[in-house]
Each structure stands twice: as C-alpha cells, then as structure tokens.
Amino acid sequence: MGATVASPAFSELVGQLTEALGQRLDAMRPTEQGFLLKTTDDFLYAFLEDPSLVSLAAVQRLLQEAEDRPSRLVVFSPGRLPLALTAEVTAKGATVVDGGRFKELVTGLNLGTYLGEEPRPTGIRPVARQLPSARQLDEVVSRARTWLDWGVPALSLRFYRQALELKPEFAPARNGVARSLLALGLPSDAQKIFREVLETSPDNLEARLGLGAVAGASGRPDEEIAIYRKLIEEDPSRTEIRAHLVAALIDGGRWTEVSPELKRMLQETPEDARLRFLHGAALEKLGSDAEGRREMERARTLGLDFDTERALCAHLGLPPPTRASSDITPRVRATAGATAKGRPPARRGTPRRGGALVRTSKRPTRQRKAK
Numbered sequence: 321m322g323a324t325v326a327s328p329a330f331s332e333l334v335g336q337l338t339e340a341l342g343q344r345l346d347a348m349r350p351t352e353q354g355f356l357l358k359t360t361d362d363f364l365y366a367f368l369e370d371p372s373l374v375s376l377a378a379v380q381r382l383l384q385e386a387e388d389r390p391s392r393l394v395v396f397s398p399g400r401l402p403l404a405l406t407a408e409v410t411a412k413g414a415t416v417v418d419g420g421r422f423k424e425l426v427t428g429l430n431l432g433t434y435l436g437e438e439p440r441p442t443g444i445r446p447v448a449r450q451l452p453s454a455r456q457l458d459e460v461v462s463r464a465r466t467w468l469d470w471g472v473p474a475l476s477l478r479f480y481r482q483a484l485e486l487k488p489e490f491a492p493a494r495n496g497v498a499r500s501l502l503a504l505g506l507p508s509d510a511q512k513i514f515r516e517v518l519e520t521s522p523d524n525l526e527a528r529l530g531l532g533a534v535a536g537a538s539g540r541p542d543e544e545i546a547i548y549r550k551l552i553e554e555d556p557s558r559t560e561i562r563a564h565l566v567a568a569l570i571d572g573g574r575w576t577e578v579s580p581e582l583k584r585m586l587q588e589t590p591e592d593a594r595l596r597f598l599h600g601a602a603l604e605k606l607g608s609d610a611e612g613r614r615e616m617e618r619a620r621t622l623g624l625d626f627d628t629e630r631a632l633c634a635h636l637g638l639p640p641p642t643r644a645s646s647d648i649t650p651r652v653r654a655t656a657g658a659t660a661k662g663r664p665p666a667r668r669g670t671p672r673r674g675g676a677l678v679r680t681s682k683r684p685t686r687q688r689k690a691k
C-alpha cells in the first residue's frame, strides 16, 4: 500500500483510541487512508480517515490481510463507508464501525475533542464508598454490554477483555468474552471460555446457557435443546431459560413443542404482546388458523408495534404485515379501557435471548479455528 495521507489530528486520535481500548499491538503500519493495526489477540483494526477515497481494491486488500479469519477484521472511520464497500466487508463477516457509531465510540471514551466536540462525563455515576477500580470496571463492562446489544461484538469483545485485565477472574466479563466470540462466528473459541468458567463455577447459568448457544451455532440443535431442557428440569421457574428453549425450537421448526412452552410462559405473563404473537404463529403452523389469527390480533391490542411484528414475521417466514393489520387504534383503546377500569396498562417486555426472544438473524457461520 502507498504512503499514508492521514492528518496529524487523525493520527493522534488513532493513538488515543488505541490506548483507551487497551489494545496490545503486535504490529502497526500506515495504509493509503490511515493505519492498520494487528493486536496480540490476532485482530486487525483498520482506521480510515476519509472513506469516500477508499477503493474496492483497498477493501479487498484489507480482507486479504485477515486471511481465512475475516471476522477478526474491524474497520473504523469517522465518515460513512460507501454502501457497496460496507456490504463487501460485512458479507465476509468483518465489522464496520463508521459514521455515528464511530463518533459514539470516541465520545463515550471522552475523546470527542478530536472530533470538535465538548468532552462529556462518563455514563456511570459514582457509587458511595465504591473504590475507583470498581467504578472503572463497571464502566468498562457497561460499554461492553452496550456494544454487544448494538450488534458490534468486535468492540464488546475488546471491552470485556479490558474488564478482565482489571479483574482476571470476573465471571461476567469472561462470559461476555465468550458471547462476543460466539457472535463473531467463533463457536470453538467461545466454547473453550464457557467451559473454563464452569470449571471454577459449575452452576454458572450464563456459561451453561452459552454452551447451549455454542451447540446451536455449531449445527447441533438437538444438543442445544437438550441443554436447555435439563436446565428447566433443575429450575422450572426460570423463564429466561424457557425463552432460550423456545428460540431453539422455533429455529428447528418444532412447532408441536413450541406451542406448549409458549402456553406455560403466557401463564406467567398473559399480557406479553410478543409471546401472544408467537403463540398465534405457532397455532397457524399447526393448522389452527382462526385461533392463531385471534392470538395475533390480541397481541396487537396489547401493544405489538408494526416494526416488531414485521421483524417477527420475517424471522418466522410469515407474510409481512400491512399497516392496516397493525393499526394502533385497538392498542390505544385497550390501554385506555384498562386504565379506566383501574388496571394498569398492559406490561411490555419479554424474556429475551441476545436482545430478542427469537433470533432475528441467522446463526453465526462456523469459521475455521484461528491459527
């Protein structure tokens, strides 16, 4: 690649950002539009100052740098990478953090002055009598969880590893590292860490659930379902475990098993709109069309919004909804009626699995083990 054209300000920002992320560098070199960093944990971080000047050939060279592990490539830029180039990168399993997300990362690390912004305080409020090291750990873990929720596991992985540097045996951070690796399509690496957690904490629920997710991502759905069923046998009251089970059963198209599980969950939360809709879909899949439609309509009156319904339909292979079918009038009327009768409005929220009761994207593809 040619000589760098990165400005001194961008060069300084890359240095500060690398330090704030706690990156340990193995190598660093200039590229046509910025810098390419290789870290000791075998990740590649490409920083591009002006993505509008980046060519397809340059992106393809970056992907070649990642060799057979494109999920370990992360491309950063303060500007928006052209859609065609973003598609080229993400189609290979790599990560793009550009535009607003890049600015959120930089500002969240209190480096916004490099982008011409005023510095802002961190999001974690000091807790009385809490040591500074504990506050710092809370802040780092909070960042990690946020980026994982936002669907950027490459960054959540970095923050979870930063948390482990502060507290090496911190189980939530170790599980977070494993979940991030799994989201990056690296189930073998994730499985190793989940098992390490269980060696010291055999009853750690998150790690046991993680092994189930690893089995599913590795193409072993029966093993995944068996893990969740065993956990439910041990503690039938844990609704979040049943949510994982339902997600796995839906993925496997095992609707005769999905329906009774949803009925059990609805006994606990009868006004959960998402569960109602899923139950309606299960009934339709089993041939009870009229009953299924009634459940779906009830879900709408309980507060199921159009965008959520559309996402659920896409995941379940159902026809997309129309605006008429998701009209808000029944929902407003139902809420107002409940309030008039002295009852609180319908509760919202469903036990979730990685941000949703059902998976809203395909399982991570299995990657060859990193060298």
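The number in the numbering used here is simply the position in the sequence shown, starting from 1, with 320 added. Backbone N, C-alpha and C fix where the C-beta goes; we use that ideal spot for every residue, glycine too. As the structure is a prediction and not an experimental result, all values here were calculated from the model.
Q: Give the straight-line distance between the Cα atoms of residue 461 and residue 614, rounded to the nearest whole angstrom.
A: Taking the first residue of the sequence shown as 1, we reach residue 461 at position 141. Taking the first residue of the sequence shown as 1, we reach residue 614 at position 294. Straight-line Cα distance between these residues: approximately 43 Å.
Q.
Just to confirm the assignment: which complete alpha helix (DSSP H) runs, minimum length 4, are found wholly within the region 525-554?
A. The qualifying runs are 525-537 and 541-554.
Q) Between which two residues does the beta strand (DSSP E) containing residue 394 stretch? A) Indexing the sequence shown from 1 puts residue 394 at position 74. Start and end: 393-397.
Q) Should residue 591 be labelled buried (16 or more other beta-carbon atoms within 10 Å of its own) or exposed? A) Looking up residue 591 in the sequence shown gives position 271. Its Cβ being crowded by 16 or more others within 10 Å, residue 591 is buried.
Q | Top-ranked residue by Cα proximity to residue 502, from 535, 479 and 487 | A | On the sequence shown, position 182 is the one that residue 502 refers to. Among 535, 479 and 487, the Cα nearest to that of residue 502 is on 535.
Q) Do the region 465-480 and the region 490-501 make contact, defined as three or more Cβ pairs closer than 8 Å? A) yes
Q) Whose CA, out of 361, 616 and 396, lies closest to the CA of residue 593? A) The sequence position of residue 593 within the sequence shown is 273, counting from 1. Of the listed residues, the one whose Cα sits closest to residue 593 is 616.
Q) So, is residue 587 buried or exposed, given that buried needs 16 or more other C-beta atoms within 10 angstroms? A) Walking along the sequence shown from the start, residue 587 turns up at place 267. Exposed, because fewer than 16 other Cβ atoms sit within 10 Å of the Cβ of residue 587.
**Q.** With 16 other Cβ atoms within 10 Å as the buried cut-off, status of residue 392
**A.** As a working mapping, residue 392 is identified with position 72 in the sequence shown. Flag for residue 392 reads buried.
**Q.** Cutoff 6 Å; reference residue 599; Cβ partners in own chain excluding five residues on either side
**A.** Translated into the one-based positions of the sequence shown, residue 599 becomes position 279. These residues qualify, in order along the chain: 582 and 615.
Q | Boundaries of the alpha helix (DSSP H) in which residue 480 is found, first to last residue | A | Your numbering for residue 480 matches position 160 in the sequence shown. Here the alpha helix (DSSP H) through residue 480 covers 473-486.
Q | Boundaries of the beta strand (DSSP E) in which residue 603 is found, first to last residue | A | Within the sequence shown, the letter at position 283 stands for residue 603. Unbroken run through residue 603 is the alpha helix (DSSP H), 593-605; no beta strand (DSSP E).
Q. Is it buried or exposed for residue 335, if we count other Cβ within 10 angstroms and need 16 for buried?
A. Within the sequence shown, residue 335 is the residue found at index 15, counting from 1. So residue 335 counts as exposed.
Q: Pull up the distance between the alpha-carbon of residue 628 and that of residue 455, whole angstroms please.
A: Within the sequence shown, the letter at position 308 stands for residue 628. Within the sequence shown, the letter at position 135 stands for residue 455. C-alpha separation (whole angstroms): 35 Å.
Q) Do residue 507 and residue 538 have their C-beta atoms within less than 8 Å of each other? A) For the purposes of this step, residue 507 is taken as residue 187 along the sequence shown, with counting starting at 1. For the purposes of this step, residue 538 is taken as residue 218 along the sequence shown, with counting starting at 1. Their beta carbons are under 8 Å apart, which means residue 507 touches residue 538 by this criterion.
Q) Are residue 547 and residue 562 touching if we call contact CB-CB under 8 Å? A) Start at 1 with the first residue of the sequence shown, and residue 547 comes out as number 227. Start at 1 with the first residue of the sequence shown, and residue 562 comes out as number 242. With a cutoff of 8 Å on beta-carbon distance, residue 547 and residue 562 are scored as not near each other.
Q) Quick one: does residue 547 have its CB under 8 Å from some CB of chain B? A) Among the chains of the structure shown, chain B does not appear; only one protein chain is present.
Q | Minimum C-alpha distance to residue 272 - residue among 626, 637 and 633 | A | Residue 272 falls outside the range modelled here, since the chain spans only 321 to 691, and no answer is possible.
**Q.** Under the three-state DSSP convention, the category residue 642 falls into
**A.** In the sequence shown, the residue the question calls residue 642 occupies position 322. In this structure, residue 642 counts as coil in the three-state DSSP scheme.
Q | Spatial neighbours of residue 618 in its chain, beta-carbon cut-off 6 Å, leaving aside the 5 residues before and after | A | Taking the sequence shown and counting its residues from 1, the one referred to as residue 618 is at position 298. Excluding sequence neighbours, residue 618 sits near 596.
Q) Terminal residues of the continuous beta strand (DSSP E) containing residue 286? A) Absent from the model: residue 286. The displayed extent of the chain is 321 to 691, so no value can be given.
(Q) Can you tell me where the beta strand (DSSP E) holding residue 415 begins and where it ends? (A) Residue numbering aside, residue 415 sits at position 95 when the sequence shown is read from its first letter. 415-418 is the extent of the beta strand (DSSP E) around residue 415.
Q | Classification of residue 353 by the beta-carbon crowding that lies within 10 angstroms, buried from 16 upward | A | Here residue 353 is taken as the residue at index 33 of the sequence shown, counted from 1. Under this definition residue 353 is a buried residue.
Q: Measuring alpha carbon to alpha carbon, tell me which of 632, 366, 375 and 350 ends up nearest residue 567.
A: Here residue 567 corresponds to residue number 247 of the sequence shown, with the count starting at 1. Closest option to residue 567, Cα to Cα, is 632.
Q | residue 386 in three-state terms, based on DSSP | A | Translated into the one-based positions of the sequence shown, residue 386 becomes position 66. Residue 386: coil per DSSP, three-state reduction.
Q) From what residue to what residue does the beta strand (DSSP E) around residue 366 run? A) One-based indexing of the sequence shown puts residue 366 at position 46. Unbroken beta strand (DSSP E) run through residue 366: 364-368.
Q. So residue 499 and residue 468 are in contact, right, with Cβ under 8 Å, and what is the actual spacing, rounded?
A. Translated into positions along the sequence shown, residue 499 becomes position 179. Translated into positions along the sequence shown, residue 468 becomes position 148. Contact holds; Cβ gap of about 7 Å.
(Q) Our contact map puts residue 376 next to residue 364 with C-beta atoms below 8 Å; I'd like the distance itself, whole angstroms only. (A) Against the sequence shown, residue 376 aligns to sequence position 56. Against the sequence shown, residue 364 aligns to sequence position 44. About 18 Å; that fails the 8 Å criterion.
Q | Whole-number beta carbon distance between residue 638 and residue 285, since they are thought to touch under 8 Å | A | The first residue shown for the chain is 321 and the last is 691, placing residue 285 beyond what the model contains.
Q. Between residue 729 and residue 544, what straight-line distance do the alpha-carbon atoms span, to the nearest angstrom?
A. The requested residue 729 is not part of the displayed model; the chain covers only 321 to 691.
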